[in-house]
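> Pasting in a structure now, in C-alpha cells, and then I'll have a few things to ask.
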Amino acid sequence: MAFSTLELISSLNVDSKQITKFLWRSFVVLIFCVILRNVIVWTYRLFFHPLSRYPGPLLAKVSDIYGAYHNFRGQLHIESHKAHERYGRFVRQGPNKLIVNSQEGLYNLYFSKSVQKSYGYQTMLPAPGAYNVFTAIDKDLHKFKRKVLSQGFADSSVRSFEPTILNHINIFVQYIKDSAAKSGGDGWSAPINMTERCRYLGYDVMGEFGFGQSFELQKSSKNDFLIKAVEATSIKAGIYVQYPRLAKLKLETILARRTAKMRERYLELMAGLVRTRLASGKGSHQDLFSFVIDAKDPDTGKGFSENELWAESRFLLIAGADTTSTALTALFFYLSRNKACYGKLVAEIRRTFDSASEIQTGPRLAKCRYLRACIDESMRMSPPISSTLWRTINAADGVWIDGNYIPKGIDIGVSPYAFHHNEEVFPDSYEFNPDRWIESPENSSEAIEKARAAFSPFSIGTRACAGRTMAYTEISDTIARTLWSLDIKPTEGSMGKIGEGIEGSGKGYDRMGEFQLKDHITCCHNGPYLQFKLLDVIHDHGLLALLLAAIVYLFAEAIYNIYFHPLADVPGPFWCKVSGWPSCYQASTGYRHIWIWQNHEIYGDRFRYRPDGVLIATPKGYHEIYNSKANVKKAKWYEVWRRNNEDYNALNTTDPHKHMVLRKPLNSAFSEKSLRSSEPFIIKNVDRWIELMLDGKKTKGTTEWATPKNLGGEWVDYLVFDILGDLCFGKSFETIEPKENPLRQIPHIIGEYLQFMYPISNSPFVNTWVWLKPRGIDTLLAMVTPKPVINFYKFLETCVEEREKQEQSTKRSSTENERKDMFHYLFQAKDSETGAPAFNHTELVATANLLVTAGSDTTATALCSAFFYLTRNLHIYEKLVKEIRDTFSSTDDIRSGVALSNCQYLQACCLEAMRMSPSGPSELLRQVLPGGVEVDSHWYPENTLIGVPSYSLHYHQETFKDPFVFRPERWIPNDELGISAEHVAALQESFKPFSIGPGQCPGKNIALLEMYMTLARTIHGCDVRRSVDDISSRGSGKPEYIWGRRNKNQYQVVDAFLALRNGPVIQLRRRANS
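Under this note's numbering, the first residue of the sequence shown is numbered 55, with each subsequent residue one higher.
Laid out in C-alpha cells, this is it:
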C-alpha cells in the first residue's frame, strides 16, 4: 500500500519545522565540510606540495580553474608571459603544473625520455580509444601513428601534392584580384578580412589533403559552419586540457546548447568524409589517407580503426588548417604594418620570378631567404599554437629541468608565446625584425644559430609537428604569389585597427604592432582588414620620356644593324639583330641553350644571336673555330668572370701567353701519374656514397629498396664535390655524410654564383663592363654580390690558405711515396722563364675557383644524365648490367686497367649521357682577329663574335639522325646494326665534350674515371631503379614546358654557362648474391 510523503510525515507525527531545521543544519554541515576540505587541500598545495616553493599566481597554486578561466578568455599565453616577467624562469600555473621559460628547459623537457604527454590530452578524444597522433599518450602507439603519418608529410609527398595546393592558392589570389578589379578610381579593393580568407584557403587545402576533396569554402558558404564548429571544439578542448576534471561535467552540453546542432552537423560531415574516402580506395587520391588506410603496426598487426581515422582527420583539420591559416594571417598583418620589410620582400619576390605561375617549391623559391625570414619572424611573434604543451614526469626518480629537480607526476611545459618573447633568447622580441634570421655585419652566424636552436613554433623532440614542410610550402607559395601580383595596405579607420593591440587595454594587450591572438588549443583571431591593388603600369611621365628616347635610339640602331651591318645577311630573330638583350634575358631564364636550339631549328645551322655575333651548329664549324690555328681569340666574355683585375685562371684569361703559363701546371696536376694516385681516393668516396645511398645499416643484409634519393642538386653533387676536395686539397669535404656540415651548401652556392654571373656575361655591354671592372665596378659588384657567393669565395680562400701553410711548412726531402694532390702541383709550379712561382696567391684562389666550379658541375651533370636515362630505358640498363657483372667478379675488382677499358658499353653510355646533357650547354665564345676568318664556307670580319653551342651541336639532326633518343649503340661499331667504324669516328669528330685546341679541358681523364667508377661500382653491387615515389618526374620534360623541353624522356638541365640540374630520383638495393 503506497503512502504519500505528507501521510508518512503525519503518521510519524513529525513537525514540519523540525524537518526544515534538520535540512538547513545538514546543508550547513555539508558546506562546512566542503570548505574544510578545500582549506585542507589548499593548505597542502600552498605549503606542503612538492611545488610549493615555486612562485606563481595564488589562484593557480590552489586550483586548475586559473588555467581553465584564462584559456576560456583566450589570454592564457599573455598571462603566462606576464607571470614569467614577474616570477622568473619557473612559474607554478596549477596545483600540479609548472611552466619554464628557458632554452635549456625547453631542450631538457621535450627531448627527455622520462616524460610523457599529460593525461589532460585524453579529454580531447572524440570516442573512447580513438587516439590520434596528437592525443596518443602511449609512446609506442604514438611512434606507430607518427611513422605512418610522416610518410604523408614527407618532402616527396608534399611536392607531389603541391599542384593541388597551388590550385587553391590561385583561387585565393583570384578572389583578391577580382575585388581589386571592381574597385573605384584609386585601384584599391574593398577591405578584406584576412582571417576569413586565409581560413577558407587553409581548410580547403586540408580538405583535399586529409580527405581527397575540398570543402569549397573559398567558393561557397555551404560549409561555413565548419569553421565555427572547429573554433568551438578548440575552445572546449583548451579548457579541458587545462582542467581535465571539468570534462566529466560535460559543460558544453549545458553552456553551449546553441552550438549543439552545429557540432552535430560538423561530426556528421567529418564522419561522412571518412566513410566516403574509405570507400574510394587507397590509391584513388594522393592524400593522407592513402598512407594510413592499410597501415599496420608491425608488432601488433593492428591498423587504424574507423574511429581512429576519424580522430586523425579531426586533428588534421584543426592542427593543419587552423595553424597554417593563423601563421599566414599573422604574416599579412606584420607585412602591412612594417613597410620597410614589406618593400624588401616584394622586391625579392618580383626580382626572382618572371611570373606568378613560376612560383613553387624549387631552387628559386629557396633563394628567397627574406621570405623565409619573414615567415619565421611572424611565427615567432605570433606562434600559431601558443598553448603550453604539457608533459607529465613519469620517471620514478623524477627528472632535472634547467637545474631544477622535478618529481614524478608533475605536469610541466613551455609556453611557446612566452618563450619566443624571452628577451634573453630573442632581444627586442616585440619588434618584427626578419633580419634577425639573416647573417650580416650586425648579426653574426653564431647569433643566428643560437636563435635557430631556440626557434620552436613546431615544437621539438619526438612529438614535433610532422607537417612542417607542408606548412612552409603553403605559406611560402601563398605569400609569394599574392605579393607578386598585388600591392597591399592596411584599411584606414577603425576597421584597419582590427587585429592589433588596443591602447589602454592593459599590459600585453596594448601593443598595436602585435597581431592579437586568442589562445585555446589553436588560436582564434580577427583581422587584419587589408586592401589590395593590382600592379601599376608605368605612370611616371619622365620615365615614359626616357623610354621613348630609348625606343628612338633602338630604332636608329636597328636600321643600321638590319640593313648596313656586315652581318646583315645572316638570318636570325629581329630583336637579336637589333640588340644583345634577348640573349641576356634568355641567360637569366636558365634555358638559353633551348632558345639557341630553337633558333637553329628555325634559321638553320647558323643564326645571328646579337648584332655582332653568330652561332654555328655544324661539326665542321666547330673544328674551324676551336682548332689551335684558327684566327680567333677568347672573347671579352671570359673576362667578365674575373672577380677583379688580378683574378686570373686558365679559363678567364684571354691573353695567349698568360694562358699558356697558367695551363702548363694544370697539365701536371692532371697527368697520368696524378690520375693513378687519385684512383684510390675516387674509389673510397664512391664506395662510401653507395653505402649511404643504400641507407647504410638499415638495409644491411637485406634486399629491400633504399629510400629515394635525389641525385641532381643533392647526392651526386655531394659525391663529386667530396672527390674534388680529396683530389684538389687532399681531404674530402664529407658533404655526403649524414652529420651537419656547412660545406654541404657549397655546391648550391656554386650554382647561385653561376646564375648570378651568367646574365651579366651575356649583356650587350660586356666590353664596357670589362673596361669598368678595374675602375670601380668590381667594388660596386662586391657590394651587391649575394651573400652565398661571398661565402663561396671565403670558402676557397680558406682552403687555399690552409694548403699554402702546409706546403710551406712541409719538408719535401723524400716525397716519392707521399701523396701529391692537385694543389701541390700548382703550388710547386715554376715559371719556365723566370723560375719564380707560376701562381701567386690570387691566381691560386682563381684556379681553385675554376677547379671547384667546373670540376664539380661538369661531372655531376654527366652522372645525373646517365642515371636518368639508364633508369628510364630498361633494355639499356640490363645490357650495361650484364657487361659490368660479366666483366668483374666483385666490386673491388673494378679499377682502371684493361678490363675497364674493354667495357665498351659502359663507355658508350657515358658518351651518350654527355651528348644528351652537355655540361656546358651553350657556346665557348671566340672573337675574330684582324684579317677575318672563314667558317663553314662563310666569311666573318674582325671583331665578330662566333661560337658553337654544344647543345645544338649534340642535337644536330644530320649528324646524329635521332638525337633525342638515348642510344649508346651509336658509339660502338657493329656491322649487324650497320654502324661502321668510320661512322663512329665521324660521330666522335662531331662530339667534343671536353673541347679541343688550347682551351681543351685538362681534367678529361679524371672526369671519365669518376664516371666509370661510379656507374660500374654502383651497378655491380646494386640494383638501380627510378623511384616509385617520383611522381613529378624530376629532371624530365613536361608537356606544359616550352618547345624543346616537352620530351618526358629527355633529361632537362638549366643553362648557367655550366649545366645545373634537379633529379633524377632513384633507389638502390643490394644485390641478392652480393
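Glycine residues also receive a C-beta, built at the ideal position from the N, C-alpha and C atoms. Note that this is a predicted model, so its numbers are computed, not measured.
Scan the segment 538–620 and note each continuous beta strand (DSSP E) run of 3 residues or more that stays entirely inside, going in chain order.
540–544, 583–588
> Can you give the Cα-Cα distance for Pro1118 and Phe881, rounded to whole angstroms?
Start at 1 with the first residue of the sequence shown, and residue 1118 comes out as number 1064. Start at 1 with the first residue of the sequence shown, and residue 881 comes out as number 827. Going from the Cα of Pro1118 to the Cα of Phe881 covers about 38 Å.
> Taking DSSP's pairing of strands, which residues face Ala45 in a bridge?
With the chain covering 55 to 1128 only, the question about residue 45 has no answer from this structure.
> Is Gly909 helix, strand or coil by DSSP?
Stepping through the sequence shown from its first residue, residue 909 is reached at position 855. In the structure shown, Gly909 sits in a helix (DSSP, three-state: H, G or I).
> May I ask which residues mark the beginning and end of the alpha helix (DSSP H) holding Asp1077?
For the purposes of this step, residue 1077 is identified with residue 1023 of the sequence shown, where counting begins at 1. Careful: Asp1077 lies outside any alpha helix (DSSP H), inside the beta strand (DSSP E) at 1076–1080.
> Between the alpha carbons of Tyr639 and Pro813, how many angstroms are there, rounded?
Walking along the sequence shown from the start, residue 639 turns up at place 585. Walking along the sequence shown from the start, residue 813 turns up at place 759. Each residue's alpha carbon lies about 7 Å from the other.
> Compute the Euclidean distance between the alpha carbons of Pro710 and Lys763, then round it to the nearest angstrom.
Within the sequence shown, numbered from 1, the residue matching residue 710 stands at position 656. Within the sequence shown, numbered from 1, the residue matching residue 763 stands at position 709. Approximately 44 Å between the Cα atoms of the pair.
> Kindly indicate which residue of Phe1048, Lys752, Ser725, Ala507 has the alpha-carbon position closest to the one of Glu158.
Position 104 of the sequence shown holds residue 158. Comparing Cα-Cα distances from Glu158 to each of Phe1048, Lys752, Ser725, Ala507, the minimum goes to Ala507.
> Rounded to the nearest angstrom, how far is the Cβ of Arg1071 from that of Gln1121, given a contact under 8 Å?
Numbered from 1 along the sequence shown, position 1017 holds the residue referred to as residue 1071. Numbered from 1 along the sequence shown, position 1067 holds the residue referred to as residue 1121. Not quite, the Cβ-Cβ distance comes to about 17 Å (not below 8 Å), so this is no contact.
> With which residues is Asn927 paired in a DSSP beta bridge?
Residue numbering aside, residue 927 sits at position 873 when the sequence shown is read from its first letter. DSSP, once it has assigned bridges, lists no residue as partnering Asn927.
> Please confirm whether Val740 and Met1067 have their CB atoms less than 9 Å apart.
Start at 1 with the first residue of the sequence shown, and residue 740 comes out as number 686. Start at 1 with the first residue of the sequence shown, and residue 1067 comes out as number 1013. Closer than 9 Å, so yes.
> For the alpha helix (DSSP H) that Asp780 lies in, which residues bound it at each end?
Translated into the one-based positions of the sequence shown, residue 780 becomes position 726. Where Asp780 is concerned, the enclosing alpha helix (DSSP H) stretches over 770–783.
> At the level of alpha carbons, what is the spacing between Leu66 and Thr74?
The residue given as residue 66 occupies position 12 in the sequence shown. The residue given as residue 74 occupies position 20 in the sequence shown. Confidence in Leu66 is poor, its pLDDT being 49 and thus under 50, which makes the residue's placement unreliable; the coordinate value appears in the next sentence. C-alpha separation (whole angstroms): 15 Å.
> Using beta-carbon positions only, say whether His1074 and Arg939 come within less than 9 Å of one another.
As a first step, residue 1074 must be located in the sequence shown, where it is residue number 1020. As a first step, residue 939 must be located in the sequence shown, where it is residue number 885. Contact: yes.
> Going by alpha carbons, who is nearest to Ala704 out of Lys718, Val694, Pro470?
By 1-based counting over the sequence shown, the position of residue 704 is 650. Nearest Cα to Ala704 within the set Lys718, Val694, Pro470: Lys718.
> Between which two residues does the alpha helix (DSSP H) holding Asp741 run?
Counting from 1 along the sequence shown, the entry for residue 741 is found at position 687. Segment 726–747, the alpha helix (DSSP H) holding Asp741.
> With a threshold of 16 other CB atoms inside 10 Å of the CB of Trp1097, please say whether the residue is buried or exposed.
Within the sequence shown, residue 1097 is the residue found at index 1043, counting from 1. Answer is exposed; the Cβ neighbour count stays below 16.
> Considering just the uninterrupted stretch of the alpha helix (DSSP H) at Phe279, what are its terminal residues?
Within the sequence shown, numbered from 1, the residue matching residue 279 stands at position 225. For Phe279, the uninterrupted alpha helix (DSSP H) run begins and ends at 279–296, by DSSP.
> Assign Ala1113 to one of two classes, buried (16 or more other C-beta atoms within 10 Å of its C-beta) or exposed (fewer than that).
Here residue 1113 refers to the residue found at position 1059 of the sequence shown. Looking at its Cβ environment, which holds 16 or more other Cβ atoms inside 10 Å, Ala1113 is buried.
> Check this for me: beta carbons of Ser469 and Ser134, under 9 Å apart or not?
Working through the sequence shown from its first residue, we reach residue 469 at position 415. Working through the sequence shown from its first residue, we reach residue 134 at position 80. In contact: Ser469 and Ser134 (Cβ atoms closer than 9 Å).
> Looking at Ser432 and Arg253, is the spacing between their C-beta atoms short of 9 Å?
Numbered from 1 along the sequence shown, position 199 holds the residue referred to as residue 253. Numbered from 1 along the sequence shown, position 378 holds the residue referred to as residue 432. In this structure, Arg253 keeps its C-beta atom at 9 Å or more from the C-beta atom of Ser432.
> Buried or exposed for Ala1035, going by 16 or more other Cβ atoms inside 10 Å?
In the sequence shown, counting from the first residue as 1, residue 1035 sits at position 981. So Ala1035 counts as exposed.
> Report, in whole angstroms, the separation of the C-beta atoms of Met324 and Ser367, which I expect to be a contact under 8 Å.
One-based indexing of the sequence shown puts residue 324 at position 270. One-based indexing of the sequence shown puts residue 367 at position 313. About 6 Å separates the two Cβ atoms, so the contact holds.
> When burial is assigned at 16 or more other CB atoms within 10 Å of the CB, is Asp1109 buried or exposed?
Within the sequence shown, numbered from 1, the residue matching residue 1109 stands at position 1055. By the 10 Å Cβ count, Asp1109 comes out buried.
> Got a sec, what are the start and stop residues for the beta strand (DSSP E) His992 sits in?
As a first step, residue 992 must be located in the sequence shown, where it is residue number 938. Note, His992: beta strand (DSSP E), 992–994.
> What is the DSSP secondary structure of Asp194, counted as helix, strand or coil?
Reading the sequence shown from its first residue, position 140 is the one you call residue 194. Helix, per DSSP.
> Please name the residue or residues paired with Leu669 in a DSSP beta bridge.
As a working note, residue 669 is residue 615 in the sequence shown. Its beta-bridge partners are Phe661, Gly1001.
> Which residues bound the alpha helix (DSSP H) around Arg143?
Walking along the sequence shown from the start, residue 143 turns up at place 89. Element bounds for Arg143: n/a, residue is neither H nor E.
> Please list the terminal residues of the continuous beta strand (DSSP E) segment that includes Ile1120.
Numbered from its first residue, the sequence shown carries residue 1120 at position 1066. That run of the beta strand (DSSP E) goes 1119–1124.
> Alpha carbon to alpha carbon, how far is Thr833 from Lys690? Give it in angstroms, no decimals.
For the purposes of this step, residue 690 is taken as residue 636 along the sequence shown, with counting starting at 1. For the purposes of this step, residue 833 is taken as residue 779 along the sequence shown, with counting starting at 1. Those two C-alpha atoms are separated by around 20 Å.
> Should Lys115 go down as buried or exposed, given a rule of 16 or more other Cβ atoms within 10 Å for buried?
As a working mapping, residue 115 is identified with position 61 in the sequence shown. Flag for Lys115 reads buried.
> Is Thr852 helix, strand or coil when you go by DSSP?
Within the sequence shown, the letter at position 798 stands for residue 852. Reduced to three states, the DSSP call for Thr852 is helix.
> Verify whether the separation of the beta carbon atoms of Thr523 and Ile219 is less than 9 Å.
Taking the sequence shown and counting its residues from 1, the one referred to as residue 523 is at position 469. Taking the sequence shown and counting its residues from 1, the one referred to as residue 219 is at position 165. In this structure, Ile219 does not lie closer than 9 Å to Thr523 by Cβ.
> Enumerate, from N- to C-terminal direction, the unbroken alpha helix (DSSP H) stretches of 4 or more residues contained entirely within the segment 405–484.
417–420, 423–435, 470–473
> Starting from Gln129, trace the beta strand (DSSP E) in both directions and tell me its first and last residue.
Translated into the one-based positions of the sequence shown, residue 129 becomes position 75. Judged by DSSP secondary structure, Gln129 falls outside any beta strand (DSSP E); it is assigned neither H nor E.
> If you drop the 5 nearest sequence neighbours on each side, which residues of the same chain put their C-beta closer than 7 Å to that of Asn721?
The sequence position of residue 721 within the sequence shown is 667, counting from 1. So the qualifying residues of the chain are Pro1056.
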